[in-house]
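Trainee:
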Amino acid sequence: MAGTKPSGTTVAEVMAEPAGLEDPRAREVNERAADAHQAALG
């Protein structure tokens with residue numbers, strides 16, 4: 164793209180940030196509740 168400069172940030176650095184924000188308790192709750200939120204679309 165014209166007029167843009169590379170930031171020097173790697174994909175690994177970008178992906179590491181959300182991984183550091185993960186909450187194991189929230190994931191556990193979401194995994195248990197997933198079945199209750201599935202919808203039959205067929």
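Residue numbers (my numbering): 164 to 205.
No residue lacks a Cβ here, since even glycine has one placed at the ideal position from N, Cα and C.
Just so we're clear, the structure is a prediction, and the values are computed from it rather than from any experiment.
1. Output the distance between the C-alpha atoms of residue 175 and residue 182, rounded to the nearest integer angstrom.
2. Please report how far the alpha carbon of residue 168 lies from the alpha carbon of residue 178, in whole angstroms.
3. Could you have a look at residue 169 and say whether DSSP puts it in helix, strand or coil?
4. Please state whether DSSP places residue 185 in a helix, a strand or coil.
Mentor: Answer, in terms of the structure:
1. 11 Å
2. 20 Å
3. coil
4. coil
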